[in-house]
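A.B. asks:
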Amino acid sequence: MTTSIEKNTLQFHKLNGLTPTVESCTMKLIEELGELLQLIGKGQGSSGEKMNLQPELEAWETLESRMIDEAFDVAQSAVTMIFTLCEKIGYNPLLWEQAHENKLRDKGYLAAGKMEKTDFPAEGFLVGMANKFIVLKCDDVKEYLTKNDQMVLDCITARLALGRIHDKRKVDNNYLVINTDEPYAPEVVAIMKRHGHWG
Ligand SMILES: [Mg+2]
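Here this note's numbering is used: the first residue of the sequence shown is -1, the next is one more, and so on.
#1: Listed by chain order, which residues have C-beta atoms less than 6 Å from any heavy atom of ligand 1?
#2: So, under 8 Å CB-CB, VAL20 and THR78 are touching, yes? Tell me the CB distance rounded to an integer number of Å.
#3: Could you say which of GLU54, GLY194, ASP165 and PRO18 lies nearest to CYS84 if we only look at CA atoms?
#4: Distance, Cα to Cα, ILE87 vs TRP94?
#5: If I follow the unbroken alpha helix (DSSP H) through LEU158, where does it start and stop?
#6: Leaving out five residues before and five after GLY194 in sequence, what residues of the same chain have Cβ atoms less than 6 Å from its Cβ?
#7: What is the residue span of the beta strand (DSSP E) that THR7 lies within?
#8: Nearest to ARG167 by CA position, among LEU108, LEU158 and ALA188, is which residue?
#9: Between which two residues does the alpha helix (DSSP H) containing THR24 stretch?
#10: Nearest by alpha-carbon distance to ALA183: which of LEU31, ASN171 and LEU124 is it?
#11: Reducing DSSP to helix, strand and coil, say where TYR173 ends up.
#12: Are GLY197 and GLY122 close, meaning C-beta to C-beta below 8 Å?
#13: Can you name the start and end residues of the alpha helix (DSSP H) that TRP94 belongs to?
#14: What separation, rounded to the nearest whole angstrom, lies between the Cα atoms of LEU92 and TYR142?
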């Protein structure tokens, strides 16, 4: 899991050391929620018993810090459930995440004005962008290059492909390309940053 304090976001990994099922995710979620509820109960003294935590609090721990640990366990379990369900029904979890974010905005829980200040700065959202790709618009190639130029370009592309084949690298990658002047570009950058695909 990675965090970004500046963006007020938390990012949870898809766990790759487990083979979860919907049922096992449900059990884990209930278990972790139970552990969190137990701490909340002890914090409020509602259990009516002397605080007796297992394992006992370390010197640096507080009840609240233990609650945070458990809240992360609950969140990680819920994320694992999301990945498992998406895999089962063949949905892309990233698209689902975007739909979830849209829902939060619709409900007003994620205020657009505040997000522009923190997550999507109006200026400078491209800071740190690495120029890794050369993008040519096919229409421009046809319109502005001679037939000979186009053949040369084909040769260059083929040589690059041969180089990748020689190095046993994938040659049929497909990329989504967006113009940075699109109004939604800062959102895309924010998503890429959140998934560690920036710079
Ligand atoms: Mg736990």
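The C-beta atom is built at its ideal place from N, Cα and C for all residues, glycine as well. Predicted model, so just to flag it, every value in this text is computed and none were measured.
C.D. replies: Based on what the coordinates show:
#1: GLU30, GLU33, GLU68 and ASP71
#2: Actually they are not in contact, since the Cβ atoms of VAL20 and THR78 sit about 10 Å apart, beyond 8 Å.
#3: PRO18
#4: 12 Å
#5: 145 to 164
#6: none
#7: 7 to 9
#8: LEU158
#9: 20 to 42
#10: LEU124
#11: coil
#12: no
#13: 91 to 105
#14: 38 Å
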